[in-house]
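The structure appears right after this line, and notes come after that.
In UniProt numbering, the protein residues as written are 1 to 584.
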């Protein structure tokens, strides 16, 4: 049995509608209200503030009839967990895989993911990062416009479905990271401001009203989101959270909201004896995000590194639109490999200001490196994957740089076999006007990249979603199988070569020639030599004749004391052979 408690500091009255009855709440203290009678699990209810139409509980743990329907009391205790002995691998040895539940399988559900976990294990994945699963408008979407933050999306399988997926992952040794969005809520089904000052007009967010993190009553707003984080980490046994767009947290408090989240995760870690990971998405290029709180930082375990992605993407594709205008030189890749941020208090022409802060004394394992992710694929006009834009040779070269970089690698679903399916932006808003507004907003956003608005798929169309569902049958066919094997080999090298997983940035050396089109990265005994020009050339590499080739698409490339000769758009992974060193 549960006794409902609701924070509604400015409400004059609060009532619950339960099975046709109206039951009043009693006001307690500090803006909280409590229902006198207990409600049994499975009971549906809705809340009426000041006599208005009933709406879902802000902390509803289940919404069986969607975001506007009645809430339902949920008891977590009946689920039989069997993962007591599971411990996630540390980030220092992690291989992360980002997936979207709705498009990962034909079923589009939590249960639909489970049969493919063996594929992830065979690939070498250690952590599965799942895009948002909170309740959102309609049945299909990315999840970033969630409104029922405590309720797993019903179309995916609801609370028990998500528990089954987490349990299955743990049974196979896979950790689960859940993507959460605390910087805004979606436009449909958002009733939070009926209950209290969850939002503020002091700041402007690009996605909706900014969350009130530092204004009056913000302590309860922060508690709301911290309690949400605690629920996923404790009740659903999630091993970590990826926190969306932390640069959109507008917080001038002495103790930043991210520090509150760190404290929450640490408390759950102490309770469960299982490490809880926090990963931030940030475009601030500020290393304070991942510095420990004791050292004046915000305490995140790691953050996404967009500069590394942008540097790679701009070189591999030649694109210069939007934020890619700040990139495009091979030396940018070298800078990212050695300094993490390309823009670390340097002038950004795209932003028309200085941007970023230098990284000092931090491991590369504090940063995630990726060639593709849901943003960088899905926020293209047509949702093209990198494999749709460049040659297989350039794709293999980019994968080698990413997977053998000093950063924690992250793959996006289907990347490992160069999936033919795109990943486009899709929605399913029942409100047609909202759907049209979303479509127009996307067209306006893409103007900065020079993309033709007439070519942009309608997010509301069902076939936009359908064409994004992975085609698993293709992964063992011809060119797809070739890329899959390349990824498997690179991941195996990262796991088996000690220097490949070394996060010490001081041991990374990178040289590049923008005019000639080559890049060489060295990390201890490991060397990655890349020819990104369109023609065969000698990539300078001192002592190359004392190295052995561990992986190269080209059979038997010529090696001399001066370097390695590679065809255009080719990469070679070399390793210093101690026996060869001793014989010279």
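Glycine included, every Cβ here is placed at the ideal spot set by N, Cα and C.
Exposed or buried, which one is residue 40 when buried takes at least 16 other CB atoms within 10 Å?
Here the question's residue 40 lines up with position 40 in the chain shown. With fewer than 16 Cβ atoms within 10 Å of its Cβ, residue 40 is classed as exposed.
Between the CA atoms of residue 95 and residue 45 - distance to the nearest angstrom
Position 45 of the chain shown, counted from the first residue, corresponds to residue 45. Position 95 of the chain shown, counted from the first residue, corresponds to residue 95. Roughly 42 Å separates the two Cα atoms.
Between the beta-carbon of residue 247 and the beta-carbon of residue 283, is there less than 8 Å?
Stepping through the chain shown from its first residue, residue 247 is reached at position 247. Stepping through the chain shown from its first residue, residue 283 is reached at position 283. Taking 8 Å as the Cβ cut-off, residue 247 and residue 283 qualify as a contacting pair.
Does DSSP put residue 274 in a helix, a strand or coil?
By one-based count along the chain shown, residue 274 stands at place 274. It is coil, neither helix nor strand.
From the DSSP output, which residues share a beta bridge with residue 302?
Within the chain shown, residue 302 is the residue found at index 302, counting from 1. BP columns for residue 302 point to 279.
My guess is that residue 532 and residue 404 are in contact by the Cβ rule of under 8 Å, so how many angstroms apart are they, rounded?
On the chain shown, position 532 is the one that residue 532 refers to. On the chain shown, position 404 is the one that residue 404 refers to. Incorrect: roughly 16 Å between the Cβ atoms, too far for contact.
Per DSSP, the bridge partner or partners of residue 27
Sequence index remark: in the chain shown, residue 27 carries index 27 (1-based). Answer is 33, bridged to residue 27.
Assuming residue 148 and residue 67 are in contact, meaning their beta carbons sit under 8 Å apart, how far apart are those beta carbons, in whole angstroms?
As a working mapping, residue 148 is identified with position 148 in the chain shown. As a working mapping, residue 67 is identified with position 67 in the chain shown. Yes, residue 148 and residue 67 are in contact; Cβ-Cβ is about 6 Å, under 8 Å.
Just to check, is the beta-carbon of residue 535 closer than 7 Å to a non-hydrogen atom of the ligand FAD?
Questions concerning the ligand FAD fall outside what the structure shown contains, since it holds no ligand whatsoever.
Assign residue 142 to one of three DSSP states: helix, strand, or coil.
Taking the chain shown and counting its residues from 1, one reaches residue 142 at position 142. DSSP places residue 142 in coil when its eight states are reduced to three.
Considering only DSSP beta bridges, list what residue 355 is partnered with.
On the chain shown, residue 355 is found 355 positions in, with the first residue counted as 1. Residue 355 is bridged to 346.
Any idea which residues DSSP pairs residue 127 with across the strands?
For the purposes of this step, residue 127 is identified with residue 127 of the chain shown, where counting begins at 1. According to DSSP, which records beta bridges pairwise, residue 127 is partnered with 96, 175.
Residue 82 (DSSP reduced to helix, strand or coil):
Position 82 of the chain shown, counting from 1, holds the residue named residue 82. It is coil, neither helix nor strand.
Considering only DSSP beta bridges, list what residue 199 is partnered with.
Here the question's residue 199 lines up with position 199 in the chain shown. Beta-bridge pairing links residue 199 to 211.
Going along the chain, which residues of its own chain have a beta-carbon closer than 6 Å to the beta-carbon of residue 193, five neighbours each way excluded?
As a working note, residue 193 is residue 193 in the chain shown. Hits under 6 Å: 199.
Confirm, please, whether the CB-CB distance from residue 502 to residue 409 is below 8 Å.
On the chain shown, position 409 is the one that residue 409 refers to. On the chain shown, position 502 is the one that residue 502 refers to. In this structure, residue 502 does not lie closer than 8 Å to residue 409 by Cβ.
Would you say residue 209 lies against chain C (beta-carbon separation less than 8 Å)?
Considering every chain present, this structure includes no chain C. It has just one protein chain.
Return the CA-CA distance between residue 90 and residue 231, expressed in angstroms with no decimal places.
One-based indexing of the chain shown puts residue 90 at position 90. One-based indexing of the chain shown puts residue 231 at position 231. The straight-line gap from Cα to Cα measures roughly 22 Å.
Thinking C-alpha only, which one of 560, 545, 564 is nearest residue 554?
Counting from one through the chain shown, the residue named residue 554 turns up at place 554. If we check each option's Cα against that of residue 554, 564 comes out closest.
As a quick exercise: from 500, 105, 237, pick the residue whose alpha carbon is nearest that of residue 160.
Position 160 of the chain shown, counting from 1, holds the residue named residue 160. Of the listed residues, the one whose Cα sits closest to residue 160 is 237.
In its own chain, which residues sit with a C-beta less than 8 Å from the C-beta of residue 81, not counting the 5 before and 5 after it?
To locate residue 81, count along the chain shown from 1; it is residue 81. Cβ neighbours of residue 81 beyond the five flanking positions: 163, 167, 237.
For residue 103, is the classification buried or exposed, using 16 other Cβ atoms within 10 angstroms of its Cβ as the cut-off for buried?
Position 103 of the chain shown holds residue 103. Buried, because 16 or more other Cβ atoms sit within 10 Å of the Cβ of residue 103.
Could you tell me which of 382, 92, 510, 88 sits nearest to residue 331, measuring between CA atoms?
Here residue 331 corresponds to residue number 331 of the chain shown, with the count starting at 1. Closest by alpha carbon: 510.
Do residue 58 and residue 195 have their CB atoms nearer than 8 Å?
For this step, residue 58 is matched to residue 58 along the chain shown. For this step, residue 195 is matched to residue 195 along the chain shown. Yes.
In the DSSP assignment, what residue or residues form a beta bridge with residue 565?
Sequence index remark: in the chain shown, residue 565 carries index 565 (1-based). According to DSSP, which records beta bridges pairwise, residue 565 is partnered with 538.
Mind checking which residues open and close the alpha helix (DSSP H) that includes residue 401?
Taking the chain shown and counting its residues from 1, one reaches residue 401 at position 401. Here the alpha helix (DSSP H) through residue 401 covers 392 to 403.
Taking DSSP as the reference, what is the three-state secondary structure of residue 486?
Translated into positions along the chain shown, residue 486 becomes position 486. In the structure shown, residue 486 sits in a helix (DSSP, three-state: H, G or I).
Can residue 421 and residue 469 be called in contact, C-beta distance under 8 Å?
In the chain shown, counting from the first residue as 1, residue 421 sits at position 421. In the chain shown, counting from the first residue as 1, residue 469 sits at position 469. Yes, Cβ-Cβ distance for residue 421 and residue 469 is below 8 Å.
With DSSP as the reference, label residue 57 as helix, strand or coil.
What you label residue 57 is simply residue 57 of the chain shown in a count that begins at 1. The answer is coil: DSSP assigns residue 57 none of H, G, I, E or B.
Chain-order list of residues whose beta-carbon lies under 8 Å from that of residue 262 (same chain, five-residue window excluded)
Position 262 of the chain shown, counted from the first residue, corresponds to residue 262. Excluding positions up to five away in sequence, the list reads 278, 293, 298, 299, 300.
Proximity below 8 Å, CB of residue 671 to CB of residue 372
The shown model of the chain, from 1 to 584, leaves out residue 671, and the question about it has no answer.
Only counting the same chain, and skipping five residues up and downstream in sequence, which positions put a Cβ closer than 6 Å to that of residue 506?
In the chain shown, counting from the first residue as 1, residue 506 sits at position 506. Nothing listed; no residue qualifies.
Rounded separation between residue 587 and residue 9 - CA only
This structure leaves residue 587 out entirely; the chain is present only between 1 and 584.
Would you kindly report the start and end of the unbroken beta strand (DSSP E) that includes residue 518?
Locating residue 518 in the chain shown gives position 518, counting from the first residue. 518 to 523 is the span of the beta strand (DSSP E), which, as asked, contains residue 518.
By Cβ distance, which residues of its chain are closer than 6 Å to residue 252, with the 5 residues on each side in sequence left out?
Against the chain shown, residue 252 aligns to sequence position 252. Excluding positions up to five away in sequence, the list reads 214.
Would you report the Cα separation of residue 78 and residue 125, rounded to the nearest angstrom?
Indexing the chain shown from 1 puts residue 78 at position 78. Indexing the chain shown from 1 puts residue 125 at position 125. Computed Cα separation, rounded: 30 Å.
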